[in-house]
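Numbering (UniProt numbering), first residue to last: 1 to 298. Think of the CB as a built atom: it goes at the ideal place given N, C-alpha and C, for glycine as much as any other residue. Reading through the structure tokens given below for one structure.
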């Protein structure tokens with residue numbers, strides 16, 4: 001008979017666990033806030049396990065062959081570790097896993113096994129190094145909550161992700177179906193979340209008004225601060241890293257942030273000047289699609 005009460009061993013500075021495989025009927029295992037480096041292979045024998053929490057440890061790698069033995073796993077917390085990938089056999093939990101938290105790790109690309117989790121309802125990927133999210137993640141019906149703030153996202157942009165799952169779906173639909181036919185004139189299209197100020201910015205550009213510059217600058221400054229904090233997280237996590245080149249790259253990006261605000265104002269002024277030249281043309285056709293953030297962020 002499965003054991004109903006959880007085994008909790010948090011804040012004990014554990015580096016490994018021994019004998020847990022003897023608790024083969026265990027349903028909940030909480031090993032948060034320890035000093036575990038190697039993912040405990042004994043967990044694969046806990047075939048009744050429904051909830052597993054290994055967050056806030058120092059785990060770098062999860063070996064293959066663990067999750068294929070956990071067909072009942074519903075809740076998995078791996079946040080605040082040093083993970084850069086997930087094992088392929090996580091897909092074995094496609095019928096059971098509903099909650100997954102891999103935030104505050106070192107993911108540079110989205111882990112593909114997550115796309116196989118057909119019943120996933122809540123996913124947290126905040127504060128990683130993700131630049132792109134797969135549209136397939138949002139095409140199912142199960143996902144109800146998604147958090148991705150603190151990533152240097154470009155596809156879709158961070159401001160779109162902040163609008164929620166439906167806004168992300170709208171974005172991908174626009175990319176797939178919203179592109180126009182090329183014409184002989186030029187029109188700049190701003191894509192982004194609703195109520196993000198796209199119409200106001202376009203109007204200001206057409207009328208050659210600069211009164212919005214201070215507001216735009218303050219919004220961009222807030223976005224840059226968030227990205228700087230995210231990079232600082234990586235630099236802290238990459239201490240004693242086996243990837244020194246990645247460390248140097250992140251450090252260079254952080255230094256770049258210090259000077260980046262100096263160029264933002266001139267870019268906006270250039271856009272305002274460009275709008276004046278475009279305003280002399282008779283009519284605007286569809287030639288290019290541009291996101292303001294694409295110009296302003298590195």
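In whole angstroms, give me the CA-to-CA distance for residue i and residue j.
i, j, result
"residue 158", "residue 151", "8 Å"
"residue 37", "residue 104", "16 Å"
"residue 161", "residue 114", "18 Å"
"residue 26", "residue 71", "13 Å"
"residue 166", "residue 142", "13 Å"
"residue 349", "residue 153", "The structure shown does not extend to residue 349, since the chain is modelled only from 1 through 298, so no value can be given for it."
"residue 45", "residue 65", "11 Å"
"residue 164", "residue 145", "8 Å"
"residue 40", "residue 88", "17 Å"
"residue 69", "residue 47", "6 Å"
"residue 177", "residue 34", "48 Å"
"residue 118", "residue 134", "15 Å"
"residue 226", "residue 132", "17 Å"
"residue 122", "residue 60", "23 Å"
Decide if residue i is buried, meaning its Cβ has at least 16 other Cβ atoms within 10 Å, or exposed.
i, result
"residue 233", "buried"
"residue 124", "buried"
"residue 77", "buried"
"residue 128", "buried"
"residue 230", "buried"
"residue 236", "exposed"
Just to confirm, are residue i and residue j a CB contact at a threshold of 8 Å?
i, j, result
"residue 97", "residue 82", "no"
"residue 32", "residue 58", "no"
"residue 74", "residue 50", "yes"
"residue 100", "residue 130", "no"
"residue 29", "residue 62", "no"
"residue 169", "residue 138", "yes"
"residue 112", "residue 94", "no"
"residue 108", "residue 140", "no"
Let me make sure I understand the geometry here. Which of the options has the alpha-carbon closest to that of residue i?
i, options, result
"residue 110", "76, 140 and 155", "155"
"residue 172", "146, 136 and 149", "136"
"residue 79", "53, 89, 93 and 35", "53"
"residue 67", "175, 91 and 132", "91"
"residue 148", "102, 177 and 40", "102"
"residue 24", "226, 34 and 43", "43"
Just to check, is the beta-carbon of residue i closer than 7 Å to a non-hydrogen atom of the ligand ZN?
i, result
"residue 72", "What this structure holds is no ligand at all, so the ligand ZN is not there to describe."
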